[in-house]
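Inspection log for the structure reproduced underneath, given as structure tokens.
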Amino acid sequence: MYPYVILGATAGPVLLLVLLRRFLSRLRINGPSMMPALRDGQRVLVVRGGAARLRTGRIVVVAPPEGLVRPRPGAGPAARPPLVVKRVAALAGEPVPPEVCAAAGVPEGALVPPGRIALLGDNPAFSTDSRFWGLLPVSSVVGVVVDRVDRGPAPA
Numbered sequence: 001m002y003p004y005v006i007l008g009a010t011a012g013p014v015l016l017l018v019l020l021r022r023f024l025s026r027l028r029i030n031g032p033s034m035m036p037a038l039r040d041g042q043r044v045l046v047v048r049g050g051a052a053r054l055r056t057g058r059i060v061v062v063a064p065p066e067g068l069v070r071p072r073p074g075a076g077p078a079a080r081p082p083l084v085v086k087r088v089a090a091l092a093g094e095p096v097p098p099e100v101c102a103a104a105g106v107p108e109g110a111l112v113p114p115g116r117i118a119l120l121g122d123n124p125a126f127s128t129d130s131r132f133w134g135l136l137p138v139s140s141v142v143g144v145v146v147d148r149v150d151r152g153p154a155p156a
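Under this note's numbering, think of the first position of the sequence shown as 1, with each following residue one higher.
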């Protein structure tokens, strides 16, 4: 009887941890493109597959389409490009931001088509985003940032 109680008592928390790892991730911010909201080195909590949580203004994690972001230096030939963190600037049915129109190949005032999304970094001088990529597929969104795990290094 006791072994089953012990097994049940440990299986519950282990199952909970496995489920949490499947839906939640911790990600370290690399670079200044999202300053001042997120700092280089700061860690954030991400809900995976958060497409239902997409709203204009939310910060998301994106797997950029092939060729838009280079793999990190020193990574092997099979290395995938890093995930990027950007803010949702416009969703389907909303106006394409003026600074994105040229890269998206649409006239000013055009609406974001279904299945696409416009993303911008908070620090435009240091951000590669929809101003260069154009509109991205919503399917490239890996998750939505829901919280900061730590405050990151203080500004110099």
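Ideal Cβ placement from N, Cα and C applies to all residues, glycine included. Predicted, not measured: the structure shown is a model, and the values here were computed from it.
Out of curiosity, what's the CA-to-CA distance linking residue 152 and residue 119?
Working through the sequence shown from its first residue, we reach residue 152 at position 152. Working through the sequence shown from its first residue, we reach residue 119 at position 119. For residue 152, the predicted model reports a pLDDT of 48, less than 50, meaning its position is unreliable and no value from the coordinates is stated.
Let me confirm a value: residue 131 is counted as buried when at least 16 other C-beta atoms fall within 10 Å, else exposed. Which label applies?
Position 131 of the sequence shown holds residue 131. With 16 or more Cβ atoms within 10 Å of its Cβ, residue 131 is classed as buried.
Within its chain, find whatever has a CB closer than 7 Å to the CB of residue 32; leave out the 5 residues flanking it on each side and keep chain order.
Stepping through the sequence shown from its first residue, residue 32 is reached at position 32. The residues are 40, 123, 126.
Output yes or no for whether 8 Å exceeds the beta carbon distance between residue 88 and residue 128.
Counting from one through the sequence shown, the residue named residue 88 turns up at place 88. Counting from one through the sequence shown, the residue named residue 128 turns up at place 128. One thing to note: residue 88 has its Cβ no nearer than 8 Å to the Cβ of residue 128.
Contact between the segment 132-143 and the segment 42-54 (3+ Cβ pairs under 8 Å):
Result yes; three or more Cβ-Cβ pairs closer than 8 Å.
According to DSSP, what are the bridge partners of residue 157?
This structure does not reach residue 157, given that the chain is present from 1 up to 156, and the question cannot be answered.
Which of the three DSSP states, helix, strand or coil, is assigned to residue 131?
In the sequence shown, the residue the question calls residue 131 occupies position 131. Here residue 131 sits in helix by DSSP.
Label residue 93 either buried or exposed according to how many other C-beta atoms from any shown protein chain fall within 10 Å of its C-beta, with 16 as the threshold for buried.
As a first step, residue 93 is located in the sequence shown; it is residue number 93 there, counting from the start. Exposed.
Which whole-angstrom value is the C-beta distance of residue 106 and residue 90, which I expect to be below 8 Å?
Translated into the one-based positions of the sequence shown, residue 106 becomes position 106. Translated into the one-based positions of the sequence shown, residue 90 becomes position 90. Actually they are not in contact, since the Cβ atoms of residue 106 and residue 90 sit about 11 Å apart, beyond 8 Å.
Which residues DSSP lists as bridging residue 46, in chain order
For the purposes of this step, residue 46 is taken as residue 46 along the sequence shown, with counting starting at 1. For residue 46, which the question treats as bridged, DSSP gives the partners 25, 145.
Can you name the start and end residues of the alpha helix (DSSP H) that residue 96 belongs to?
Taking the first residue of the sequence shown as 1, we reach residue 96 at position 96. Counted as a single uninterrupted DSSP element, the stretch harbouring residue 96 is not any alpha helix (DSSP H), since DSSP gives it neither H nor E.
As a quick exercise: from 100, 67, 38, pick the residue whose alpha carbon is nearest that of residue 60.
The count along the sequence shown starts at 1 and reaches residue 60 at position 60. The option with the nearest alpha carbon to residue 60 is 38.
With DSSP collapsed to three states, give me the class of residue 138.
Taking the sequence shown and counting its residues from 1, the one referred to as residue 138 is at position 138. Reduced to three states, the DSSP call for residue 138 is helix.
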